[in-house]
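Protein chains in written order, with this note's numbering: chain A, 14 to 294; chain B, 314 to 584. Virtual Cβ for every residue (Gly too), placed ideally from N, Cα, C.
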């Protein structure tokens, strides 16, 4: 009997139909006990909080599925006429992490190992989960205990981080809307200002020549992690435009050195241990 | 008939016999045309400006020799006796760059491609070559035209850069001696000296470096990014200070942190 990967679509919030997960769960087989309980990866494609990339969805999911993870692509509420104001993206991403942990048995994953990988604006959302997970309103809204939405680790690919000097204005404007010029609102989503010792460990990478999201976003987050003593690994490649995804030729990346990041991230994740409890101290 | 690489110890400055360049030059033969003219790399070992560490000297030269570079290890002025050491190490490194370029034919080197690599305090010196090469006094002292000491690119290995960051005040105490003035400190904090003239850089560090904080590398990279200077950077997740090649020869093994030695070759070959 052949055991295949299951893929299915999961709605996340009753009143927000644009937020759902595409789940890829490796088939179980007596030959592959690893598949009984894999680690999980939530993938958040980018798109400036306006649209969502495809190159940062399936290619990423397939890469980490092949590396032994069950993978979950988050599709979230963005676009014309859609209410994407902060903190709705963080609510939806938190609901995704909660769903994965709640259904760990059915999804064949270990709830202690839920990594979140985000690209560009999706990197902002992943890093927001890493830094701003501790939120009483979101816990109440989702009926969730504190820490339940905290990622085991975050993997940030050319992330949007800051709403200040080095901001990718489009992404920040799309989550702040009417508050886009309010200094305090911009600071509230500038994640380099919110790193503490409780921030999730991070693997981050970008290209120096990113023409869309200044590389200083990645450097600022790394500096904040270094100052707070949070474990991290970082790679800045010397050449390449924005949005290189997994760095392979078939997603349009002409610089072969960039593809090294996925193997490095896989090695890095193997070294990351979860907190002793689901509620980190 | 065998062709061997030659190793030669060359004194650089008549009044400083302790300052030497050890040259590793690949042997030439008509069947190895590549060796007629290689790219060069000047190696600046660490040692807290108190000495030059062997773990960052010959093993590094061998690695780059094997990768197709002719390699030159500089023993520079160290261990001040209370007088400011600076700018002697920068003079020594500039004299080394000048020697390599002056003798390019004899050393089988392309003078247009002379890189510098520094470790720890040697990384500070390499970052100083990258940012402070444009110096009238040094040019006059060495009888050299402007730019002649500018490296094509620098590789900074767990470098000291900034006096503002706690994490290696011992090195700076040596180089500035009793001079505690802020402008002197700022003048040797290389993240403050980055400009549009700064040479491109490849930077690497381990996050858990207990000797020189990873923040030295992060602030330098931020300055490079702000000035649009090309760079590549890798921060590995784990490892103490001074891991050099992170292999059997130097007796170190930390996750991923041997990749730098191959990535920087790819980076240098892209120039």
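Within the stretch 171-224 of chain A, the complete beta strand (DSSP E) runs of at least 3 residues fall at 215-220.
Around the beta carbon of residue 233 (chain A), 16 or more other beta carbons sit within 10 angstroms, so the residue counts as buried.
Those residues of the stretch 521-546 of chain B placed with their C-beta closer than 8 Å to a C-beta in chain A are 526, 527, 528, 531, 532, 534, 535, 538, 539, 543, 544, 545 and 546, ordered along the chain. Put simply, the CB of residue 228 (chain A) is near chain B, with a gap under 7 Å to one of its CB atoms.
Legend: CB atoms of the stretch 557-579 of chain B lying less than 9 Å from CB atoms of chain A belong to residues 568, 569, 572, 576 and 579. Just so you know, the alpha carbons of residue 580 (chain B) and residue 563 (chain B) end up roughly 23 Å apart. When secondary structure is reduced to three states using DSSP, residue 388 (chain B) falls in the strand class.
When Cβ-Cβ separations below 7 Å define contact, residue 269 (chain A) makes no contact with chain B. Counting the other Cβ atoms within 10 Å of the Cβ of residue 246 (chain A) gives 16 or more, which makes it buried.
Contact with chain A is found for residue 548 (chain B), since one of that chain's Cβ atoms lies less than 7 Å from the residue's Cβ. Under the three-state reduction of DSSP, residue 31 (chain A) is assigned to strand. Straight-line measurement puts the Cα of residue 539 (chain B) at about 35 Å from the Cα of residue 96 (chain A).
With respect to chain B, the C-beta atom of residue 247 (chain A) has a partner C-beta closer than 7 Å. Across the structure, residue 113 (chain A) and residue 81 (chain A) are spaced so that their CA atoms are roughly 16 Å apart. When DSSP states are grouped into helix, strand and coil, residue 549 (chain B) belongs to the strand group. In terms of Cα proximity to residue 175 (chain A), the closest of A:186, A:281 and A:167 is A:186. The stretch 484-502 of chain B makes no contact with the stretch 516-523 of chain B: fewer than 3 CB pairs, one atom from each, lie closer than 8 Å. The residue among A:242, A:244, A:241 and A:271 with its C-alpha nearest the C-alpha of residue 255 (chain A) is A:271.
DSSP places residue 476 (chain B) in the coil class of the three-state scheme, outside both helix and strand. CA-to-CA, the gap between residue 180 (chain A) and residue 199 (chain A) works out to about 9 Å. When 7 Å is used as the limit between beta carbons, residue 286 (chain A) is near no residue of chain B, the shortest such separation being about 13 Å. Boundaries for residue 234 (chain A): no beta strand (DSSP E) harbours it, while the alpha helix (DSSP H) harbouring it runs 229-241, taken from the DSSP string. Per DSSP, the continuous alpha helix (DSSP H) segment holding residue 573 (chain B) begins and ends at 572-582. For the pair residue 533 (chain B) and residue 504 (chain B), the CB atoms are nearer than the 7 Å cut-off. Under DSSP, residue 491 (chain B) forms no beta bridge with any residue.
With 16 or more neighbouring CB atoms inside 10 Å of its own CB, residue 530 (chain B) falls in the buried class. DSSP lists A:216 as the bridge partner or partners of residue 246 (chain A). Rounded to the nearest whole angstrom, the CA to CA distance from residue 147 (chain A) to residue 169 (chain A) is 19 Å. The criterion of a C-beta distance shorter than 7 Å is not satisfied by residue 361 (chain B) and residue 475 (chain B). Residue pairing from DSSP places residue 382 (chain B) in a beta bridge opposite B:352. Segment contact: the stretch 446-453 of chain B against the stretch 396-414 of chain B, three or more CB-CB distances shorter than 8 Å; contact assigned. Classified as buried, residue 171 (chain A) has 16 or more neighbouring CB atoms from the shown chains inside 10 Å of its CB. Counted as a single uninterrupted DSSP element, the beta strand (DSSP E) harbouring residue 334 (chain B) occupies residues 329-338. With respect to residue 135 (chain A), residue 57 (chain A) sits close: the two C-beta atoms are nearer than 7 Å. For the set B:573, B:502, B:375 and B:389, the Cα lying nearest the Cα of residue 329 (chain B) is the one of B:389. Not a single C-beta of chain B is nearer than 7 Å to the C-beta of residue 213 (chain A).
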